[in-house]
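Chemist:
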Amino acid sequence: MDVAFHWLAALRPEAAPSARTGTAPPREERLSLPGRRTVLLRPIAPHDADAEQAFVGGLSLATRHKRFHVGLRQLSPSMLRQMTEIDHRDHVALVAEVLADGDRAVLPPLPLVADARYVRSAEQPDEAEFAIAVADDWQSLGLGRTLMDRLARHARGQAIRALVGDVLPENRRMLVLMRGLGAHTRPHPDGPQLVQVVYELGTG
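The opening residue of the sequence shown carries number 1057 in our numbering; numbering runs sequentially from there.
1. Any idea what DSSP makes of Val1232, helix, strand or coil?
2. Excluding the 5 residues flanking Gln1109 on each side, which residues of the same chain have their C-beta closer than 7 angstroms to its C-beta?
3. With a cut-off of 8 angstroms on the beta carbons, I'd call Leu1207 and Leu1150 a contact; round off their distance for me.
4. Could you compute how far the alpha carbon of Gly1247 sits from the alpha carbon of Val1112?
5. From the DSSP output, in three-state form, read off Pro1243 for me.
6. Which runs of the alpha helix (DSSP H) fall wholly inside the stretch 1105-1139 and span at least 4 residues, in chain order?
7. At which residues does the alpha helix (DSSP H) containing Ala1211 begin and terminate?
8. Do the stretch 1215-1232 and the stretch 1178-1191 meet, that is, are 3 or more Cβ pairs less than 8 angstroms apart?
9. Tell me whether Asp1192 sits in a helix, a strand or coil according to DSSP, three-state version.
10. Reducing DSSP to helix, strand and coil, say where Pro1102 ends up.
11. To which residues of the same chain is Ser1116 closer than 7 angstroms at the C-beta, ignoring the five residues directly before and after it?
12. Rounded to whole angstroms, what is the Cα-Cα separation between Lys1122 and Ala1211?
13. How would you label His1147, buried or exposed, when you count the other beta carbons within 10 angstroms and need 16 or more for buried?
14. Determine the burial state of Asp1171: buried for a count of at least 16 other Cβ atoms within 10 Å of its Cβ, exposed for fewer.
15. From this set, Ala1107, Val1169, Leu1257 and Ser1134, which residue's C-alpha is nearest Arg1093's C-alpha?
16. Taking only three categories from DSSP, how would you classify Arg1176?
17. What is the DSSP secondary structure of Gln1249, reduced to helix, strand or coil?
18. Express the C-alpha separation of Leu1096 and Gly1153 in angstroms, rounding to a whole number.
19. On the DSSP letters alone, give me the boundaries of the beta strand (DSSP E) that Leu1089 sits inside.
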């Protein structure tokens, strides 16, 4: 369950949208999952750099390929900064942090098992590119759907009308999830090796 993100194009400093003020990041939320698993959904922070690197490195090769569309093994220092040092206005990111026995104070930092984010388009400010990845052992528990719901809720409040993501055609799990949320697909401008998923948010 993974959607890639055109990081270098979307996040390079000269292409970043202008900062907006007065926007609160998503709120922290405790989420219970099947199998008596509990996670804390919360905005990512700069101190999550090591945990984010470990999360990406812990993904299977197939999952990393679905997420980044390249043979990435770890994040470069610049990429890691781009993913953790964000404004939570035009670039919003949520992570799922495992709670041991329901308590985040046990053996900090606790591992991250999911990452979901969007970046507002500089050319079309009412659209944003989204990306999501869930650790292999935490898939099929409803975590991806919940993260997409929370991203959409926040984006809708920022006057974003659509979240757009690039998905490999063979990533059927992600396509099924997004279609279940009401998203539609369209041909990708770069060719048939990708599918573009469009999640219209409306005003509800």
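All C-beta atoms in this analysis are idealised placements derived from N, C-alpha and C, irrespective of residue type, glycine included.
Modeler: From the atom records:
1. Locating residue 1232 in the sequence shown gives position 176, where the first residue counts as 1. Here Val1232 carries a helix assignment [DSSP, helix/strand/coil].
2. Against the sequence shown, residue 1109 aligns to sequence position 53. Closer than 7 angstroms at the Cβ level, and outside the excluded window around Gln1109, lie Gln1130, Leu1131 and Leu1136.
3. Numbered from its first residue, the sequence shown carries residue 1207 at position 151. Numbered from its first residue, the sequence shown carries residue 1150 at position 94. With a Cβ gap of about 7 angstroms, Leu1207 and Leu1150 count as contacting.
4. Within the sequence shown, residue 1247 is the residue found at index 191, counting from 1. Within the sequence shown, residue 1112 is the residue found at index 56, counting from 1. Going by C-alpha positions, Gly1247 is about 27 angstroms away from Val1112.
5. Reading the sequence shown from its first residue, position 187 is the one you call residue 1243. Three-state result, Pro1243: strand.
6. Runs of the alpha helix (DSSP H) lying entirely within the stretch 1105-1139, each at least 4 residues long, are 1105-1114 and 1117-1124 in chain order.
7. Here residue 1211 corresponds to residue number 155 of the sequence shown, with the count starting at 1. Bounds of the alpha helix (DSSP H) holding Ala1211 are Leu1199 to Gly1213.
8. Short answer: they touch.
9. Residue 1192 sits at position 136 when you count from the first residue of the sequence shown. Three-state DSSP puts Asp1192 in a helix.
10. Reading the sequence shown from its first residue, position 46 is the one you call residue 1102. Helix, per DSSP.
11. Numbered from its first residue, the sequence shown carries residue 1116 at position 60. So the qualifying residues of the chain are Asp1192.
12. Here residue 1122 corresponds to residue number 66 of the sequence shown, with the count starting at 1. Here residue 1211 corresponds to residue number 155 of the sequence shown, with the count starting at 1. Note on geometry: alpha-carbon atoms of Lys1122 and Ala1211 lie some 23 angstroms from one another.
13. Within the sequence shown, the letter at position 91 stands for residue 1147. Per the 10 Å Cβ criterion, buried.
14. Taking the first residue of the sequence shown as position 1, residue 1171 is located at position 115. When all chains shown are included, Asp1171 counts as buried.
15. The residue labelled residue 1093 in the question sits at position 37 within the sequence shown. Cα-wise, what sits closest to Arg1093 is Val1169.
16. Position 120 of the sequence shown holds residue 1176. Here DSSP, grouped into helix, strand and coil, assigns Arg1176 to strand.
17. As a working note, residue 1249 is residue 193 in the sequence shown. The three-state secondary structure of Gln1249, taken from DSSP, is coil.
18. In the sequence shown, the residue the question calls residue 1153 occupies position 97. In the sequence shown, the residue the question calls residue 1096 occupies position 40. A small correction: the amino acid at residue 1153 is Glu; Gly does not occupy that position in the sequence shown. Those two C-alpha atoms are separated by around 5 angstroms.
19. Here residue 1089 is taken as the residue at index 33 of the sequence shown, counted from 1. For Leu1089, the enclosing beta strand (DSSP E) stretches over residues Glu1085 to Leu1089.
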